[in-house]
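See below for the structure under consideration.
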Amino acid sequence: MKTAFKLLPIAMLAATCAFTLTACKEEAPAAPAAKAEAPAPIPVKFVVVTMFEIGEDEGDMAGEFQLWKERAKLDTRIPFPNSHHDLYMNKETGVLAMVTGIGTSHSAGAAMALGLDPRFDLSQAYWLVAGIAGIDPEDASIGSAAWAEYLVDGDLAHEIDPREIPDDWDTGYFARYTVKPWDPNKPEPTGEMFQVNAGLTEWAYQLTKDIELPDYPSLEEARSHYVNYPNAQKPPFVLKGDQLAAMTFWHGEIMNDWANKWVDYWTEGQGEFVTSAMEDTGTFMSLSFLDNIGKVDKDRVMVLRTGSNYTMPPEGVTAVDNLLAENEGYQGLEASLESAWLVGSAVMNEILGNWDTYKDTIPAAAAE
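To convert, note that position 336 of the sequence shown is 321 in the working numbering; the numbers rise steadily by one, no gaps.
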């Protein structure tokens, strides 16, 4: 049996289609509003990397950051919640300063966070690490300022307690992928050692080597005890000297001897251990990665460390007593902070004052 269909009147069909189309048109989502254009990144000429501050950022006892904030007129505070401390900038001069926090993990994270921050154009910025350090009395006195070409990591290694090492080993500390301390068959460094731009480092040293650094009676008294260390008895001076970065605050003659050998080992005899700090291999590692993606230029990095304390005690004082005394305050703290500013700002001012030249041409000098 066939079913009969009734045809809708044409007028009714047309009205139905018109209603459907109207309804569809009304229910269509509105086109998204055009997004406001992001502001252009702030061009940065010079980044000052400090590691810690004491108390407030200005007006009280200074840490590494305070003199830079006050004297370089870093008056613009820029929130930086993904790191240890807010940033400060002088937008007229293009100088930006940061406080990374203490230790390689803090410094690596802070440098990476800044390098990836879309608010800044760091592609032509110069970077100056300016911090205090322990200083080897064999090489210099407290208050002295050392430009580092080699940064050697003091943590990335194997270690066995000395009470369990073979009789013919002088330490339980040895490089990864080797079979004994000072094994000549070590692998290529993968974080154990970095070399910063040698020509730029030498240029910075030549520019600043004759700067007269502050000297106080307290420094003279401290260095007078290092009777068998001629360089430790000199008034503060500017030199070139390399850095060991390790998260452990070590101290003493035995550890100092190890530090000298460790730096010599990883630099193939090219480096000279002078300062002991905690952060700079982490900072430079991050800047190297950022260089790989064009965010920064690692060839524009300089490392300046100034001696706030000695890495070993004078004769007649135990390592324990000397270290515990330093925990009460470094004899060379004030002088080392002033030296970092005097030496570091001389480089900063030279670069800023001749930006048309240094924007595209990295300064360099040959070693004398």
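Note that beta-carbon positions come from the ideal geometry of N, C-alpha and C, so glycine has one too.
Limits of the unbroken beta strand (DSSP E) element including residue i
i	result
S293	286 to 295
W132	130 to 133
T260	258 to 262
T346	From DSSP, T346 is part of no beta strand (DSSP E); its letter is neither H nor E.
T89	Note, T89: premise wrong, no beta strand (DSSP E); alpha helix (DSSP H) at 89 to 100.
T61	61 to 63
D227	227 to 230
M178	178 to 180
Y73	72 to 75
Pair within 7 Å by beta-carbon distance, residue i and residue j
i	j	result
P221	L198	yes
W251	V137	yes
V164	L113	no
S321	G292	yes
V288	V181	yes
L59	A82	yes
S261	A118	yes
E49	F37	yes
H91	H69	yes
A160	K171	yes
T186	E123	no
L327	I196	yes
T296	N245	no
H236	L308	yes
A23	W188	no
A131	G226	yes
Where residue i falls, given that 16 or more other Cβ within 10 Å makes a residue buried
i	result
E12	Reliability of the predicted coordinates at E12 is poor, the pLDDT of 45 falling under 50, and no value is obtained from them.
L229	buried
F258	buried
N294	buried
D121	buried
S129	buried
F234	exposed
Y111	buried
Q384	Because the chain spans -14 through 353 in this model, residue 384 falls outside it and cannot be assessed.
A93	buried
D127	What sits at residue 127 in the sequence shown is Ile, not Asp. Per the 10 Å Cβ criterion, buried.
R56	exposed
T89	buried
I316	Sequence check: residue 316 is Gln here, not Ile. That one is buried.
T266	buried
G256	buried
R148	exposed
G116	buried
A217	buried
E264	buried
Assigned secondary structure, residue i (DSSP; H/G/I helix, E/B strand, else coil)
i	result
E205	helix
V33	strand
F269	helix
V332	helix
L(-8)	Here L(-8) scores only 36 on pLDDT, less than 50, and its place in the model is too uncertain to base an answer on.
D306	helix
I150	coil
Q316	coil
V84	strand
K219	coil
D200	coil
N277	helix
E123	coil
L141	coil
L327	helix
L337	helix
L322	helix
K(-13)	Note that K(-13) scores 41 on pLDDT, short of 50, meaning its location in the model is unreliable; the coordinates nonetheless yield the value given after this. The answer is coil: DSSP assigns K(-13) none of H, G, I, E or B.
A3	Summary for A3: the model assigns pLDDT 42, below 50, so the residue's position carries little reliability; its value from the coordinates is reported in the next sentence. A3: helix per DSSP, three-state reduction.
E311	helix
CB contact check: residue i to chain B, cutoff 7 Å
i	result
T193	Absent from the structure is chain B; it holds one protein chain and no more.
Residue i - containing alpha helix (DSSP H), residue span
i	result
Q51	51 to 56
G119	From DSSP, G119 is part of no alpha helix (DSSP H) but of the beta strand (DSSP E) over 111 to 120.
K246	238 to 251
L354	Outside the shown range of the chain, which is -14 to 353, sits residue 354, and nothing can be said about it.
Closer than 6 Å: residue i CB and nearest the ligand GTP heavy atom
i	result
A262	Inclusion of the ligand GTP in the displayed structure is not the case, the ligand content being empty and no account of it being possible.
With three or more C-beta pairs closer than 8 Å as the rule, is the segment 137 to 146 touching the segment 169 to 180? In short, these stretches touch, since the Cβ pair count reaches three.
Between the segment 91 to 98 and the segment 256 to 272, do at least 3 Cβ pairs fall closer than 8 Å? yes
At a cut of 8 Å, does the segment 71 to 84 reach the segment 20 to 31 through at least three beta carbon pairs? yes
Is it true that the segment 149 to 167 meets the segment 336 to 353, where meeting means three or more beta-carbon pairs spaced less than 8 Å apart? no
For the structure I just gave you, are there three or more beta carbon pairs, one from the segment 180 to 192 and one from the segment 328 to 337, closer than 8 Å? Enough Cβ pairs lie closer than 8 Å, so yes.
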